[in-house]
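Colleague: After the structure tokens below, expect a handful of questions from me.
Protein chains: 2
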Amino acid sequence: MLETLFLHLERHDVVSSYEKSLLSSAMVQTRHISTGQDLVTSGTRPPHSVLLVDGFAARYKLLADGSRQISALHVTGDFVDLHVFLLRTIDHGVMAMSPCQVAYADHDDLKRITEEAPHLTRLLWLSTIVDGAIHREWLVAMGRRSKKSHLAHLICELFVRLRAVERVEGWSFRLPLSQTSIADVLGLSVVHVNRVIQGLRREGLITWVNQIITILDWDKLVEVAEFDPTYLSLRKEPR
Amino acid sequence: MLETLFLHLERHDVVSSYEKSLLSSAMVQTRHISTGQDLVTSGTRPPHSVLLVDGFAARYKLLADGSRQISALHVTGDFVDLHVFLLRTIDHGVMAMSPCQVAYADHDDLKRITEEAPHLTRLLWLSTIVDGAIHREWLVAMGRRSKKSHLAHLICELFVRLRAVERVEGWSFRLPLSQTSIADVLGLSVVHVNRVIQGLRREGLITWVNQIITILDWDKLVEVAEFDPTYLSLRKEPR
DNA sequence: CGGCCGGTTGATCGTCGTCAAGTAAGGTGG
DNA sequence: CCACCTTACTTGACGACGATCAACCGGCCG
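Protein sequence lines, in the order shown, are assigned to chains D and C. Letter by letter, the first sequence follows residues 1 to 239 of the working numbering. Letter by letter, the second sequence follows residues 240 to 478 of the working numbering.
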């Protein structure tokens, strides 16, 4: 059940078996959440953080006019909600975008980890820091990239992140998001998202059928996106 | 010299004198950086993190077409660069937007703090987490708010953050950013930024003269911005 | 079978970018 | 001290990108 978390943390550094056992004992029962339900409700003060054992989730915020903005996408292995451990009050909702399997880490246990396992603490800290790095990259994409480039960047990022947790097959991966949801990621209208996707298809960069995205020309996609994966810190080194 | 850092951390929880002494001994000499210079250069692997003792700085990224996107604004007291401690490679540049006074924290010393001072570690961790929360709020603003609302939100946020480090006077504060820089924050053209500012002025929400912003109608500004300061975690509680 | 959801396409309208020009302030050198 | 920069702000005109409205198609489910 925790393999994906280990996979996730081990992208950045070695995790000892002692650390793994600490984590295992901090995690309580896994639960199933069905598509469209909240893993986490905005405005609450939960006593635990959520680990996404399997599935896709989106962090979102609803505005007064009913529009929605997705500020993060979480995939298998992501410690979706680790920051609430210190933030206390959760400021955004997190919704299951596919059937999700989740586990919970009690904040008391996490606190104990910070007292007893400094290296593991740093790895967990790093996990929240990488989330921040992704946010910055998204900000750059939203603010200054063309919409085509923005979407291309998103596809590159998701491919790399999913590959790291073994959720790709060749150049294909499953992305269970409707175009409406993609629109809420990119800050666009659905209609326009559709047109941007058509554009990438027309240029032979990707196919996108039945929630399966296949990258046909990685180099060109990277070029359009100006994608540089450094910000994901997928390099194993002492932290 | 470190008062502003303490002010910064004490917004979230009590900092003991032992913890303050640990921090003090981790910080090395302060240095002056003049406007327009980089505090931190993109792509390098610095051995220390930067504390902004006084001044304004902007985290930015340059794209191939020469455009710039600012992904964060840092003010007096911010631990600008703390995440590099674990990220290792810095992915964005940070530029002084005013004359800046900075101090450096060696990563070895920070590591020692994580080994010996769990509560202080959590506070430092929290500081990076709040940065992330701000990024999310900016993403929402970029993606789904009107430009007027986005700018109003930025003004509200800066006011609250600057008040927390005692850099406001009544309803006024100094913001040493040109409209060009504001444009790079909002992801707009300079021309349009100017028009959006005119709009806020015309409606009697703010004045903005010689880098001094004065809020004339806080309630209305908050309403336009849909501003809710929860994400800044300016509440003192055990962490 | 009918309704709903997701994807697709066309037409029209508004926001915002670009180009251009003008003003005001501050800095430098003759 | 003035001529001449440069930089920042401002305004107008025009065009492009993207939102909105509307309609249609196909698949899935009750």
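Yeah, the Cβ is synthetic: ideal placement off N, Cα and C, and Gly gets one too.
1. Restricting to runs no shorter than 3 residues, where is the beta strand (DSSP E) found entirely within the region 78-152 of chain D?
2. Y470 (chain C) and A372 (chain C) look like a contact to me (Cβ under 8 Å); what is the Cβ gap, rounded to whole Å?
3. Show which residues of chain C have a CB atom less than 8 Å away from the CB atom of M142 (chain D).
4. Could you tell me how far apart the beta carbons of V292 (chain C) and A342 (chain C) are, in whole angstroms, since I believe they sit closer than 8 Å?
5. Does the beta-carbon distance from D13 (chain D) to K220 (chain D) come in below 7 Å?
6. Quick one: is A105 (chain D) near chain C, going by C-beta distance under 7 Å?
7. With three or more C-beta pairs closer than 8 Å as the rule, is the region 23-33 of chain D touching the region 351-366 of chain C?
8. Whose C-beta lies closer than 7 Å to the C-beta of R413 (chain C) among residues of the same chain, with five residues either side of it excluded?
9. Tell me whether the region 312-329 of chain C and the region 400-409 of chain C touch, counting them as touching only if at least three CB pairs, one residue from each stretch, are closer than 8 Å.
10. Here's the rule I'm using: 16 or more other beta-carbon atoms within 10 Å means buried, otherwise exposed. How should A57 (chain D) be labelled?
11. Does the CB of T419 (chain C) have a neighbour CB from chain D at under 7 Å?
12. In terms of alpha-carbon separation, which member of C:R375, C:L290, C:A391 and C:L393 lies closest to D345 (chain C)?
13. Helix, strand or coil for R406 (chain C)? Go by DSSP, reduced to three states.
14. Measure from the C-beta of P357 (chain C) to each C-beta in chain D and report whether the shortest distance is under 7 Å.
15. Quick check on L460 (chain C) - is its C-beta less than 7 Å from some C-beta in chain D?
16. For R375 (chain C), which residues in chain D fall below 8 Å Cβ to Cβ?
17. Please list the partners that E354 (chain C) has in chain D, where partner means a Cβ-to-Cβ separation under 7 Å.
18. Quick check on the burial criterion: 16 or more other C-beta atoms within 10 angstroms. Buried or exposed for G36 (chain D)?
19. Quick one: using the 10 Å Cβ neighbour count with 16 as the cut-off for buried, is P357 (chain C) buried or exposed?
Modeller: Reading from the atomic positions:
1. 93-96 and 100-106
2. 4 Å
3. L378, M381, G382 and G426
4. 5 Å
5. no
6. no
7. no
8. Q450 and I451
9. yes
10. buried
11. no
12. C:L290
13. coil
14. yes
15. no
16. R59, K61, S71, A72, D91, H92 and H135
17. P118
18. exposed
19. buried
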